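In the numbering used here, the protein residues as written are 53 to 272.
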């Protein structure tokens with residue numbers, strides 16, 4: 053019984069250990085100082101530092117400082133820079149066959165159209181998983197950007213996965229991105245072990261409660 057409970061506990065730790073993946077500078081807080089406005093970064097430019105981060109691999113993007121409300125921290129990215137749709141990309145260490153969930157926050161440049169901002173998220177290179185996500189800027193402003201949390205799931209096909217975000221809009225007013233993170237998705241067998249472990253732990257606690265003798269007080 054104890055060994056089964058220990059196995060279930062180990063399964064709980066599996067997604068956070070063996071299959072761990074890390075996005076560098078997911079919150080965009082490290083990079084060329086945009087000050088109270090923004091700076092435009094062209095193809096080949098880096099949003100990060102010598103330890104890595106995002107590379108602009110197409111068009112250009114605006115690295116936003118105090119120009120509008122970020123989702124977190126003080127910086128974010130407009131995926132359209134100077135009249136060009138931009139793409140940013142980062143290589144992530146992954147485990148072949150493991151499923152991962154990428155969580156990010158999406159908004160849109162409220163200064164001009166189109167009203168619907170679209171970003172394409174891609175992972176796994178030539179055998180790419182990809183999906184388009186949209187944001188409607190109606191009713192939002194620089195002071196209240198209306199950030200929405202999105203999730204993209206992919207399965208790794210190699211030990212290093214290229215994750216990219218690409219604007220699907222023309223012009224200088226594109227989708228806005230902030231707070232990107234990644235986590236491993238437990239496989240069905242792992243979920244089953246976890247649930248079994250919870251049942252075992254719950255049953256063990258009930259038996260201990262039932263077996264505990266009641267306290268009696270007697271008076272002479």
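Glycine included, each C-beta is placed from N, C-alpha and C at the ideal position.
Note that the coordinates shown come from a computational prediction; the quantities given were computed from them, not determined experimentally.
Integer Cβ distance of residue i from residue j, believed to fall under 8 Å
i           : j           : result
residue 126 : residue 133 : Between residue 133 and residue 126 the Cβ distance is about 19 Å, and since that is not below 8 Å, they are no contact.
residue 208 : residue 176 : 7 Å
residue 226 : residue 169 : 6 Å
residue 99  : residue 87  : Not confirmed; about 15 Å, so no contact.
residue 80  : residue 147 : Residue 80 to residue 147, Cβ: 26 Å. No contact.
CA nearest to the CA of residue i, picked from the options
i           : options               : result
residue 95  : 85, 107 and 186       : 107
residue 201 : 156, 234, 84 and 213  : 156
residue 180 : 221, 215 and 92       : 215
residue 187 : 221, 85 and 78        : 221
residue 143 : 204, 129, 211 and 101 : 211
residue 239 : 206, 224 and 217      : 206
residue 76  : 103, 185, 85 and 93   : 103
residue 92  : 174, 119 and 78       : 119
residue 203 : 197, 174, 97 and 163  : 174
residue 198 : 78, 185, 162 and 97   : 162
residue 183 : 145, 101, 217 and 97  : 217
Contact check, residue i vs residue j, beta carbons under 7 Å
i           : j           : result
residue 121 : residue 231 : no
residue 234 : residue 73  : yes
residue 236 : residue 167 : no
residue 224 : residue 89  : no
residue 193 : residue 131 : no
residue 228 : residue 160 : yes
residue 190 : residue 158 : no
Item checked: Touching by the beta-carbon criterion (3+ pairs, under 8 Å), the region 106-113 and the region 132-141 -> yes
Next item on the list: Note down, one range per segment and in chain order, each beta strand (DSSP E) of at least 3 residues found wholly within the region 103-131.
Entry: 104-110, 112-116 and 128-130
Margin query: To test your reading of the DSSP string, which unbroken beta strand (DSSP E) runs of 3 or more residues are found completely within the region 136-192?
Written below: 139-145, 151-160, 168-175 and 181-188
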